[in-house]
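Just below is one structure, and these are the notes that go with it.
Number of protein chains: 2
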Amino acid sequence: MKEKADGGGTVTLKDLARELGVHPSTVSRVLHSGSDVAKGAASAATAERVRELARKRGYSPDPQAASLRTRRTKLLGVIVPRLSDLVLAIMYEGIDEASAEVGYSAFVMNSRDDPNEQRRKIDLMLARRVDGLIIGDAHLDGGLLQELTDRKVPFVLMNRRVTGYPSATCDDVVGGELVAGHLWKMGHRQVAVIAGEPYASTAVDRTAGFLDRWRSLGGTISDDDVVWSRFDTAGGREAGEKILSSGRPRPTAIFAVNDFAAIGAMGALRARGLTVGLDVAVVGYNDTSLAAELPIPLTSVHSPMADIGRTAVQLIQAVLRGEKPEPVQLEPTLFVRESSAARAAAEMAAN
Amino acid sequence: MKEKADGGGTVTLKDLARELGVHPSTVSRVLHSGSDVAKGAASAATAERVRELARKRGYSPDPQAASLRTRRTKLLGVIVPRLSDLVLAIMYEGIDEASAEVGYSAFVMNSRDDPNEQRRKIDLMLARRVDGLIIGDAHLDGGLLQELTDRKVPFVLMNRRVTGYPSATCDDVVGGELVAGHLWKMGHRQVAVIAGEPYASTAVDRTAGFLDRWRSLGGTISDDDVVWSRFDTAGGREAGEKILSSGRPRPTAIFAVNDFAAIGAMGALRARGLTVGLDVAVVGYNDTSLAAELPIPLTSVHSPMADIGRTAVQLIQAVLRGEKPEPVQLEPTLFVRESSAARAAAEMAAN
DNA sequence: GTGGTCTACCCAAACGTTTGGGTAGCACTG
DNA sequence: CAGTGCTACCCAAACGTTTGGGTAGACCAC
Chain S
13 MKEKADGGGT VTLKDLAREL GVHPSTVSRV LHSGSDVAKG AASAATAERV RELARKRGYS
73 PDPQAASLRT RRTKLLGVIV PRLSDLVLAI MYEGIDEASA EVGYSAFVMN SRDDPNEQRR
133 KIDLMLARRV DGLIIGDAHL DGGLLQELTD RKVPFVLMNR RVTGYPSATC DDVVGGELVA
193 GHLWKMGHRQ VAVIAGEPYA STAVDRTAGF LDRWRSLGGT ISDDDVVWSR FDTAGGREAG
253 EKILSSGRPR PTAIFAVNDF AAIGAMGALR ARGLTVGLDV AVVGYNDTSL AAELPIPLTS
313 VHSPMADIGR TAVQLIQAVL RGEKPEPVQL EPTLFVRESS AARAAAEMAA N
Chain C
13 MKEKADGGGT VTLKDLAREL GVHPSTVSRV LHSGSDVAKG AASAATAERV RELARKRGYS
73 PDPQAASLRT RRTKLLGVIV PRLSDLVLAI MYEGIDEASA EVGYSAFVMN SRDDPNEQRR
133 KIDLMLARRV DGLIIGDAHL DGGLLQELTD RKVPFVLMNR RVTGYPSATC DDVVGGELVA
193 GHLWKMGHRQ VAVIAGEPYA STAVDRTAGF LDRWRSLGGT ISDDDVVWSR FDTAGGREAG
253 EKILSSGRPR PTAIFAVNDF AAIGAMGALR ARGLTVGLDV AVVGYNDTSL AAELPIPLTS
313 VHSPMADIGR TAVQLIQAVL RGEKPEPVQL EPTLFVRESS AARAAAEMAA N
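One line per chain: the protein sequences are S and C, in this order. According to the working numbering, the residues represented by the first sequence are 13 to 363, in order. According to the working numbering, the residues represented by the second sequence are 13 to 363, in order.
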């Protein structure tokens, strides 16, 4: 009578059992474990009959019933600053794929990098009884993480790291170093950094890697040449304007720790009538799909975003098995494009 | 002995009942319904004691247990072509917020616009027993949708529409018309359209709106000036190259039905030494956050993406109540920027 | 003092699984 | 032929809720 979605979809273990004249537990065991537990639960013949009927009736186990009993939901909670940040969206795609492969489903929520929202979203996920959390918006001060540890909530970090906790990230220090090496080699001696948000390891590590390598190459750079900013385009533009209007000698190259910030900085340069790549080199980070397609293609550090997401799933899986996995840092690669190579190219052409 | 996440988190209805010397069902009724059913279930005094203890013990109901009983999971499944498409990511943010407000949680998966994946992902969501689906990747041929209807699966469309099904979209026809009107007014007479994927209503409607208005204004445009393409930057670039190398007179304006495609087209123009805005006007669609921040800011039709997501949640809510809601089309707004206004500005300046 | 109407609860069954612990029957073994 | 060890099952309880249907007692009216 009910017109709910039961167009045959609601066939239960019990139904199968009744139809086969066998006990539900037998059906469960057969369908449950590939063949490890199945052996000993039923004869090969019965097992086949069970599987056959299950297929025929389109049986699909009820996950809520199962988790009620097993106390595991096969649900993963993912918290990100915002999904509309392309970088996090791609990491989430990696999570989505990888978790499906191991029989988990992922849930994602935005925290907007606001500590209250982080807490609220985590509580929402725990209320849904997720088995574990993948946290993509960790702040370096990490009070929340300690709290989660105390509450014995299984979690791993992704994208940003905090020492002492398992995490899947890009090796951002190396990424920063790559940029410093590149710009130095291109002959730049006066540079500025758009450093991102100081609470994010991505920003801090990329900046630190850059500065360390820069100085070890013999370069000088003062703290005034490092501007912290939001990760988005508007933040990059503001930071770019600040750099250009500082009254200090204009840098010949700018490293923005994020492609969007780099795009914003390009806007600021252009607004001053400066040509990106010729007057001022710009380098971004993440190599988002846009970087290569911009009117002036952007040199950027490629970070394996989808793989970071996939790795995070492996890590949380390990945590759920009771292990204490080490942080994983994936290798970045520098892609040099016109935004930092145009001048060299122009000089070549001049010869 | 178990070291699971039960740091007090696992307090059940039964625990509360025992501690209060009252029956679990009483506790359930008190905590369940704000005050409608609660009245009659317990005295005001008892109700208060229950609520008090629940708060004190940090009681949080087990959703799987509840849905096992109620046959409703309060879960919404969302299917999008890809979450790394900024447009869909923002719509999803709207869904996420709106669904949380009504006590639902949303799940999202990518289909990559591949019919097999669409089907697979839908099955995954139904296996998770979502109460309803929000489909963001509907194809105009809509075989899948008919199938879902037959299976009595509650769903609504978002982003793209298909006649006959409830949907939350931007009024893309009007959006296309706005662009035609703008370009015509700017004096363009030779234009081309990068039309997107022919299976998506967004592409078809925007293109149709543009063409209809263009012709009704007296403009002419041949089918050869309409190139179908992928929605991403690379697709836009290819389409742009095709337009420029067609041997036909070069258009003075290009309308790409998607910002990313527009950016790709800008790349193609630039590669030919043409200046966007001066030599060729470019207009995009969606007004993604990048549009305004590009080196040459992009004229774009703003579509209220987050609101579309929120609306989709309202619609599925209605469907779940057994209603048959009408499609909702939200108003687009044209934002004129340098990519289509530079020439006019330059001419002004010349006087 | 019987009948009726409330109030404030309690009871028990159900939802669909999983899982520890049987056990009946059979084949061997010594 | 008692004992041992399989195999191939069955049984029942449990997981944490929700909900239709009681019912005991209080109060009131007639």
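For every residue, glycine included, the Cβ atom is placed at its ideal position computed from N, Cα and C. From a predicted model like this one, the values you see are computed outputs, not experimental measurements.
Asked                                                                                                                                                                                         : Found
Please classify D235(S) as buried or exposed, where buried requires at least 16 neighbouring CB atoms within 10 angstroms.                                                                    : exposed
For the stretch 189-222 of chain S, which segments carrying the beta strand (DSSP E) assignment without a break, of at least 3 residues, lie completely within its bounds, in sequence order? : 203-208
Name, please, each residue of chain C whose Cβ falls closer than 9 Å to the Cβ of E105(S).                                                                                                    : R94, L95, S96 and N122
When the Cα of R242(S) is compared with those of K86(S), D125(S), Q341(S) and G187(S), which residue comes out closest?                                                                       : D125(S)
Where V174(S) and H151(S) are concerned, what is the direct C-alpha to C-alpha distance, given to the nearest angstrom?                                                                       : 8 Å
Quick one: measure Cβ to Cβ for A220(C) and V239(C), integer angstroms, because I've assumed they're closer than 8 Å.                                                                         : Going by Cβ atoms, the distance from A220(C) to V239(C) rounds to 15 Å, so no, they are not a contact pair.
Just to confirm, are P339(C) and V331(C) a CB contact at a threshold of 8 Å?                                                                                                                  : no
Tell me, which residues are paired with F364(S) by DSSP?                                                                                                                                      : Nothing can be reported for residue 364(S), as the shown portion of chain S is limited to 13 through 363.
I'd like to check one pair, S352(C) with V376(C): are the Cβ atoms closer than 8 Å?                                                                                                           : The question about residue 376(C) has no answer, for chain C in this structure spans 13 to 363.
Residues in its own chain within less than 6 Å of G154(S) by CB, not counting five upstream and five downstream?                                                                              : V174
Does DSSP classify Y104(S) as helix, strand or coil?                                                                                                                                          : helix
Among the residues of its own chain, which have a CB less than 8 Å from the CB of L100(S), if the five just before and after it don't count?                                                  : V92, P93, R94, G148 and N171
How big is the Cα-Cα spacing for M13(C) and R163(S)?                                                                                                                                          : Residue confidence is low: M13(C) scores 31 on pLDDT, short of 50, so the model does not pin down where it sits. Its coordinate-derived value is still stated next. Whole-angstrom Cα-Cα distance: 15 Å.
In whole angstroms, what separates the C-alpha of P178(C) from that of G296(C)?                                                                                                               : 27 Å
Note the first and the last residue of the continuous alpha helix (DSSP H) segment covering S79(S).                                                                                           : P75 to T82
Can you give the beta carbon distance from A215(S) to A207(S), rounded, assuming they're within the 8 Å contact cut?                                                                          : 6 Å
Distance check for P344(C) and E109(S), CA to CA, integer angstroms please.                                                                                                                   : 34 Å
Would a check of beta-carbon distances place P36(S) closer than 8 Å to chain C?                                                                                                               : no
Pull up the DSSP beta-bridge partners for F347(S), would you.                                                                                                                                 : S312(S)
Got a sec? Which residues, its chain only, sit under 6 Å from S117(S) by beta carbon, not counting five neighbours each side?                                                                 : L87
Taking the alpha carbon of A318(S) as the reference point, which residue from I308(S), C182(S) and A354(S) has its own alpha carbon closest?                                                  : C182(S)
Taking its Cβ as the centre, do 16 or more other Cβ atoms sit within 10 Å of R140(C), making it buried, or is it exposed?                                                                     : buried
Taking a Cβ distance cut-off of 7 Å, strictly less, list which residues of the stretch 274-300 of chain S are near chain C, in chain order.                                                   : I275, G276, M278, G279 and R282
Rounded to whole angstroms, what's the CA-CA distance from L400(C) to L169(C)? Just pull it up for me.                                                                                        : Shown here, chain C extends from 13 to 363; a query on residue 400(C) therefore has no answer.
Taking C-beta pairs closer than 7 Å, name the residues in chain C that R333(S) reaches, listed in chain order.                                                                                : Ordered by position in chain C, no residue passes the 7 Å Cβ test against R333(S), which lies about 13 Å from the chain.
If you measure between the beta carbons of R218(S) and A192(S), is that distance less than 8 Å?                                                                                               : no
Let me make sure I understand the geometry here. Which of V313(S), Q341(S), T300(S) and I308(S) has the alpha-carbon closest to that of T323(S)?                                              : Q341(S)
Taking the beta strand (DSSP E) that V90(S) falls in, what are its first and last residues?                                                                                                   : L87 to V92
Any C-beta of chain S sitting closer than 8 Å to the C-beta of A353(C)?                                                                                                                       : no
Give the straight-line distance between the Cα atoms of I255(S) and P263(C), rounded to the nearest whole angstrom.                                                                           : 39 Å
Report the neighbours of S117(S) on chain C: residues whose CB is nearer than 8 Å to its CB, in chain order.                                                                                  : F119, L136 and R140
Apart from the five residues just before and just after D271(C), which ones in its own chain have a Cβ nearer than 6 Å to its Cβ?                                                             : G296, N298, T300, A303 and S312
Alpha helix (DSSP H) containing T58(S): first to last residue?                                                                                                                                : A56 to R69
If we count the other Cβ atoms within 10 Å of its Cβ and call it buried at 16 or more, is A57(S) buried or exposed?                                                                           : exposed
Could you name the residues of the stretch 59-73 of chain S whose beta carbon sits closer than 7 Å to any beta carbon of chain C, in the order they occur along the chain?                    : S72
Can you give me the C-alpha to C-alpha distance between R355(C) and H200(C), rounded to a whole angstrom?                                                                                     : 11 Å
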